[in-house]
Amino acid sequence: MSADPLAGAGRVFVDTNVLVYVYDNDEPHKQQVASRTLDGIGAERVVLSAQVLNEFVVTVTRKLARPLDEAHTREAVEVLGQLEVVPVDAGLVAAGVLRSQRSQLSLWDALVVEAARRGGCEVLLTEDLHAGTDFGGIRVVNPFAG
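If you count by our numbering, then the sequence shown holds residues 10 to 155, one letter each, in order.
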């Protein structure tokens, strides 16, 4: 495996926690890692889901020690909305339920995995799942590990 876990990867699904750290001034190291990682991937390869955007808004407005105000939240959502966003529909939820049962994941994590699959991603960037896990061609990478 190369030193850069994203080297050679095509499309990359970015989970909520990575996006939140870009805006979390109370976690400067993770903020720097998240920003540098996303810049290195390039917008054309980043995929999100509507679920991730929803979770992002809740987290940055309610859960951060210094939450984003309405204007900054709206601006962030506009920027993130320019990336590819996988919609959450009945088909994705059904696939998520099946993935949840097969892989023993929470429904929310299973929906992220299935959104990554629908988005044609090879990598799922998150700190919430075990790094190195392979979900049928989707490899979990934790940008904050190591």
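Yeah, the Cβ is synthetic: ideal placement off N, Cα and C, and Gly gets one too. All of these numbers come straight from a predicted model, not from anything done at the bench.
Length of the line joining the Cα atoms of residue i and residue j
i	j	result
H81	V102	30 Å
R54	G19	7 Å
D127	L92	Sequence check: residue 127 is Arg here, not Asp. If you take the alpha carbons of R127 and L92, they lie about 15 Å apart.
Y30	V42	9 Å
V27	Q110	25 Å
S11	R83	For S11, the predicted structure reports a pLDDT of 44, less than 50, and the residue's modelled location is therefore unreliable. A value from the coordinates is still provided. Rounded to the nearest angstrom, the two C-alpha atoms are 37 Å apart.
D48	L15	12 Å
G141	P152	11 Å
H139	V122	12 Å
R148	E131	6 Å
L114	D137	11 Å
S73	G100	First, the amino acid is wrong: residue 73 is Leu here, not Ser. Between L73 and G100, the C-alpha separation is close to 32 Å.
V150	A59	21 Å
N63	V21	19 Å
K39	W117	23 Å
Y32	F65	10 Å
P96	R71	23 Å
N34	R75	8 Å
R108	S44	30 Å
Extent of the continuous alpha helix (DSSP H) to which residue i belongs
i	result
S112	A99 to S112
A124	L116 to R127
Residues bridged to residue i (per DSSP)
i	result
V56	F22 and E93
D137	According to DSSP, D137 bridges with nothing at all.
D35	Beta-bridge pairing links D35 to no other residue.
V132	V21 and R148
D143	R148
First and last residue of the uninterrupted beta strand (DSSP E) at residue i
i	result
L15	Note, L15: premise wrong, no beta strand (DSSP E); not H, not E.
V149	R148 to V150
Neighbour-count burial assignment, residue i, 16 or more Cβ in a 10 Å radius
i	result
G145	exposed
D143	exposed
V88	exposed
A125	buried
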